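Since the structure comes first, as structure tokens, the remarks are kept for the end.
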Amino acid sequence: MTTPTFLTMYQQLIANPSVSALDSTLNMSNRPVIDLLASWCEALGFSVEITELETAPGKFNLLAKRGIGHGGLMLAGHTDTVPFDDSRWNFDPFQLKQHDNRLYGLGSIDMKGFFAFVLDAIKVLDEQAVTQTQPLLLLATADEETTMAGAQQIAKHADLKPARCIIGEPTDMTPVYTHKGHMSSAIRVTGRSGHSSDPERGVNAIEIMHTVIANLLQLKEQLKNKYSIEDFVIPYPTLNLGHIHGGDNANRICGCCELHIDLRPLPGLSIKELQMLLLDAVSPINRQFPNSVEVIDLHEPIPAFSSNTDNALVKLAEQVSKSKAVAVNYCTEAPFIQQLGCETIIMGPGSIEQAHQPDEFLAIEKVAPAQHMIQQIIQNSCFNNVD
12 MTTPTFLTMY
22 QQLIANPSVS
32 ALDSTLNMSN
42 RPVIDLLASW
52 CEALGFSVEI
62 TELETAPGKF
72 NLLAKRGIGH
82 GGLMLAGHTD
92 TVPFDDSRWN
102 FDPFQLKQHD
112 NRLYGLGSID
122 MKGFFAFVLD
132 AIKVLDEQAV
142 TQTQPLLLLA
152 TADEETTMAG
162 AQQIAKHADL
172 KPARCIIGEP
182 TDMTPVYTHK
192 GHMSSAIRVT
202 GRSGHSSDPE
212 RGVNAIEIMH
222 TVIANLLQLK
232 EQLKNKYSIE
242 DFVIPYPTLN
252 LGHIHGGDNA
262 NRICGCCELH
272 IDLRPLPGLS
282 IKELQMLLLD
292 AVSPINRQFP
302 NSVEVIDLHE
312 PIPAFSSNTD
322 NALVKLAEQV
332 SKSKAVAVNY
342 CTEAPFIQQL
352 GCETIIMGPG
362 SIEQAHQPDE
372 FLAIEKVAPA
382 QHMIQQIIQN
392 SCFNNVD
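Structure follows, in structure tokens:
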């Protein structure tokens, strides 16, 4: 079997749905995408290891390797996409469409398309008969868009020690050396319901939530004033009040109210510390109304990521891209991949502005420059000796 052309790979990756969602009616297996990647990697001489996720049956990681020993370069990405609203798309999300010098499709930049870039670059290098001198690895994970369970599982791999890793999230091929973390928490207030005509016989959860929100807004200002890293466009940790629901009728005392919040910690602010700050914000309310307020993680918190801007991979990426490495506010699988002990950056084709958007696309004029840069990085890392 031969590896298909770049556009054929792109088309086939997009054509195989791999939505991950916490809603079981939307959630899909990523196995068809994994099987495609496995066949193409094997055609290029890679040995392939496919592993089902321990915490998510029906979801799979792929690790492909060519070369002996540890070190070398690993190119990593996730195989899942976010859910989509078909009514907001002008094109079939699962059919790669060329239109107005753009390639449209769900996952075109976030981020199944990255695998087509990587495999095409390896194919070109092989055709040039350049000798590979370092291990070359490709990692494809599951459920990045929900729990990041795939990356968390690969971080525990007993025999995976690349020297370098590039995660191909859409950065317009600008290297990213640090990003914020992500926590989503539910604040649940439990009161005591009753008839609205006699307020003293109940405990109104909405009124208690009013105090919770006031304390959270104080915490928001505290985070803004106490922590700052100027490399970020938004230099402080953010706290967003995103969703609230409580009560069931105007003439009943509200017995339960729930607020969902989003927090984005900076590097240096640990998840444990942030969780303690959150608990401190609600503890006075629990003293006044015992056991009325719970703080619940909506998903496993994702720590912030940071790497050394002086390391060899950052310098290589800056040289190849002719762009200085930057900090970003979104988060990726990087903090988990970094646990393998490798120099890690985020760098891939496409703009983050298109991620999670209807009519997701990659501008065609970006294709050739991205192909060239990815090829240069692979050649430097694996087809020449790495110090």
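Last residue of the sequence shown? That's 398 in this note's numbering, and every number before it is there in order. Backbone N, C-alpha and C fix where the C-beta goes; we use that ideal spot for every residue, glycine too. Treat the numbers as computed from the prediction; the structure is a model and nothing was measured.
Excluding the 5 residues flanking it on each side, Thr-343 has same chain C-beta neighbours closer than 6 angstroms at Ile-178, Glu-180, Ile-357, in chain order. Using a 10 angstroms sphere on the CB of Thr-182, the tally of other CB atoms reaches 16 or more, which defines it as buried. Secondary structure note for Tyr-115: its beta strand (DSSP E) is the uninterrupted segment 113-115. By the Cβ-count criterion, Gln-139 is exposed, with fewer than 16 other Cβ atoms from all chains shown falling within 10 Å of its own Cβ. Using a Cβ-Cβ distance cut-off of 8 angstroms, the stretch 377-388 and the stretch 344-355 are not in contact, since fewer than three pairs of beta carbons, one from each stretch, lie closer than that value. In summary, Pro-295 is exposed, with fewer than 16 beta-carbon neighbours lying within 10 Å of its beta-carbon over all protein chains present.
With 16 or more other Cβ atoms inside 10 Å of its own Cβ, Met-184 counts as buried. Going by beta carbons, Asn-262 and Ser-207 fall inside the 8 angstroms limit. Rounded to the nearest whole angstrom, the C-alpha separation of Phe-57 and Ala-75 is 6 angstroms.
Here His-193 is buried, its C-beta having at least 16 other C-beta atoms within 10 Å. Contact annotation: the stretch 15-26 touches the stretch 112-123, with at least three C-beta pairs closer than 8 angstroms. Here Tyr-341 is exposed. Its C-beta has fewer than 16 other C-beta atoms within 10 Å.
Measuring C-alpha to C-alpha distances from Leu-48 to each of Glu-155, Ala-87, Ile-79, Asn-236 identifies Ala-87 as the nearest.
A Cβ-Cβ contact shorter than 8 angstroms links Ile-272 with Leu-252.
In this structure, the straight-line span from the alpha carbon of Glu-364 to that of Phe-372 is close to 10 angstroms.
The C-beta distance from Ala-153 to Lys-70 rounds to 4 angstroms, short enough to meet the 8 angstroms contact threshold. By the CB criterion at 8 angstroms, Cys-265 and Ala-216 fall inside the cutoff. With a threshold of 16 other beta carbon atoms within 10 Å, Met-287 falls short and is exposed. About 14 angstroms separates the Cβ atoms of Asp-121 and Ala-381, ruling out a contact at the 8 angstroms cut-off.
According to the DSSP secondary-structure assignment, Glu-53 is paired through a beta bridge with no residue.
Boundaries of the beta strand (DSSP E) around Lys-76: 71-77.
By DSSP's assignment, Gly-205 forms a beta bridge with Ile-264. For Ala-151 against Asn-72, the beta-carbon gap comes to about 7 angstroms, under 8 angstroms, which counts as contact. If you check the CB distance, Met-220 and Cys-176 do not come in under 8 angstroms.
Annotation for Lys-108: no alpha helix (DSSP H) segment contains it, though the beta strand (DSSP E) segment containing it runs 108-110. Taking all protein chains in view, the Cβ of Val-129 is crowded by 16 or more other Cβ atoms within 10 Å, so the residue is classified as buried. In the DSSP assignment, Gly-124 falls within the unbroken alpha helix (DSSP H) covering 124-138.
In this structure, Thr-14 sits near Lys-134, with a CB-CB distance shorter than 8 angstroms.
By the 16-neighbour rule on beta-carbons within 10 angstroms, Arg-99 is exposed. The C-alpha of Met-85 lies about 5 angstroms from the C-alpha of Leu-149. Relative to the Cα of Pro-312, the nearest Cα in the group Pro-276, Gln-350, Glu-60 belongs to Pro-276. Asp-91 places its beta carbon less than 8 angstroms from that of Ser-31.
DSSP, read as helix, strand or coil, puts Ile-363 in helix. DSSP places Met-358 outside both helix and strand once states are collapsed to three, so it counts as coil.
C-alpha of His-310 to C-alpha of Leu-270: approximately 15 angstroms in a straight line. Taking the Cα positions, Ser-317 is about 13 angstroms away from Leu-324.
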